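Scroll down for the structure; my scribbles are underneath it.
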Amino acid sequence: MQFSKMHGLGNDFMVVDAVTQNVFFSPELIRRLSDRHLGIGFDQLLIVEPPYDPDLDFHYRIFNADGSEVAQCGNGARCFARFVQLKGLTNKSDIRVSTQAGRMVLSVTPDDLVRVNMGEPNFEPQQVPFRANKAENLYLLRVAEQTVMFGAVSMGNPHCVIQVESTTTAQVELLGPVLESHERFPERVNVGFMEIINPEHIRLRVYERGAGETQACGSGACAAVACGIQQGILSQKVRVDLPGGSLHIAWKGVGQPLYMTGPATHVYDGFIHL
Numbered sequence: 032m033q034f035s036k037m038h039g040l041g042n043d044f045m046v047v048d049a050v051t052q053n054v055f056f057s058p059e060l061i062r063r064l065s066d067r068h069l070g071i072g073f074d075q076l077l078i079v080e081p082p083y084d085p086d087l088d089f090h091y092r093i094f095n096a097d098g099s100e101v102a103q104c105g106n107g108a109r110c111f112a113r114f115v116q117l118k119g120l121t122n123k124s125d126i127r128v129s130t131q132a133g134r135m136v137l138s139v140t141p142d143d144l145v146r147v148n149m150g151e152p153n154f155e156p157q158q159v160p161f162r163a164n165k166a167e168n169l170y171l172l173r174v175a176e177q178t179v180m181f182g183a184v185s186m187g188n189p190h191c192v193i194q195v196e197s198t199t200t201a202q203v204e205l206l207g208p209v210l211e212s213h214e215r216f217p218e219r220v221n222v223g224f225m226e227i228i229n230p231e232h233i234r235l236r237v238y239e240r241g242a243g244e245t246q247a248c249g250s251g252a253c254a255a256v257a258c259g260i261q262q263g264i265l266s267q268k269v270r271v272d273l274p275g276g277s278l279h280i281a282w283k284g285v286g287q288p289l290y291m292t293g294p295a296t297h298v299y300d301g302f303i304h305l
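The numbering of the sequence shown is the numbering used here, which starts it at 32 and goes up by one.
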């Protein structure tokens with residue numbers, strides 16, 4: 032089986048073409064391949080499948096390193112777009128794909144950045160999903176012997192976003208796991224720790240469900256900006272600095288799609304006997 036190793040700001044992926052190859056990945060195989068000592072090593076596995084609808088170009092599937100399938104991955108979407116171009120699967124610059132979360136348009140720019148229409152952020156608790164009586168800008172939870180205040184939003188996958196004084200001192204390893212698996216997030220959750228530098232610039236660390244802290248989380252950057260705009264503390268265009276680099280997020284507000292722009296890097300191609 033042929034594959035490519037790619038990354039979006041250090042959030043790394045094994046990308047597989049299932050259009051021209053017959054492939055099957057069990058959760059056990061994914062866990063084995065994701066091992067950084069015994070396998071290929073990656074945060075997520077991305078699979079390019081033929082479209083289920085003639086109006087689309089591809090179907091996009093995402094698996095975490097623990098073998099669980101998820102509906103969305105923003106950094107992965109950028110790598111997906113670059114991959115299908117590099118492998119000659121399409122010559123389009125605007126690529127229409129379906130995911131478990133819905134449809135997306137991935138646009139490769141002339142300077143080889145990828146702009147992703149991430150759809151409209153959804154703050155309804157049942158859509159995140161998050162167990163709450165009604166939608167609020169901020170929620171409180173008692174975890175790890177402290178009260179944590181956060182916003183909750185779906186970007187096609189669940190996110191909670193905590194504002195912190197500094198990402199350097201943020202309790203990512205303490206709060207990340209307990210919030211990720213908290214009973215009020217029935218599908219688990221990605222946990223973002225956001226430091227606001229000014230209304231147009233934030234720093235962010237993300238503890239991803241099924242993967243732990245990663246170098247960058249595209250949907251997490253989108254979620255942080257969406258929560259900040261909803262709370263009235265961020266502008267409509269925001270630079271997000273993650274450990275692996277920067278993304279640019281733009282959202283005009285309710286009723287409008289959110290856009291993420293950033294790089295996608297091809298590292299190497301490989302072949303593995305399964």
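Backbone N, C-alpha and C define an ideal beta-carbon position, used for all residues, glycine too.
Here the structure is a predicted model, which is why all the values come from computation and not from measurement.
By how many angstroms is the C-alpha of residue j removed from the C-alpha of residue i?
| i | j | result |
| --- | --- | --- |
| Y170 | L76 | 32 Å |
| L137 | Q131 | 16 Å |
| L120 | L64 | 24 Å |
| V79 | Y91 | 5 Å |
| F216 | G150 | 22 Å |
| A183 | V195 | 15 Å |
| I228 | Y299 | 36 Å |
Sort the options by Cα distance to residue i and report the nearest one.
| i | options | result |
| --- | --- | --- |
| R67 | E211, E80, F44 | F44 |
| P58 | K283, N95, Y299 | N95 |
| G241 | V209, G133, V54, G276 | V209 |
| P82 | T292, R134, Q202 | R134 |
| G98 | L206, R62, I71, S266 | R62 |
| D48 | V101, M32, G70 | M32 |
| G348 | G263, P156, V115 | The chain is shown from 32 up to 305; residue 348 falls before or after that span and cannot be answered. |
Which first and last residues belong to the alpha helix (DSSP H) in which residue i is found?
| i | result |
| --- | --- |
| P208 | 203-211 |
| R2 | With the chain running from 32 to 305 in the structure shown, residue 2 is simply not present. |
| N106 | 105-117 |
| G249 | 249-261 |
Looking at the secondary structure, which residues open and close the beta strand (DSSP E) in which residue i lies?
| i | result |
| --- | --- |
| L278 | 276-282 |
| M180 | 177-185 |
Compare the beta carbon distance of residue i and residue j with 7 Å and say whether it is the shorter of the two.
| i | j | result |
| --- | --- | --- |
| V237 | C191 | no |
| F224 | T198 | yes |
| V147 | M291 | yes |
| D88 | R127 | yes |
| P294 | L144 | yes |
Is it buried or exposed, residue i, if we count other Cβ atoms within 10 angstroms and call 16 or more buried?
| i | result |
| --- | --- |
| A257 | buried |
| A175 | exposed |
| D125 | exposed |
| P141 | exposed |
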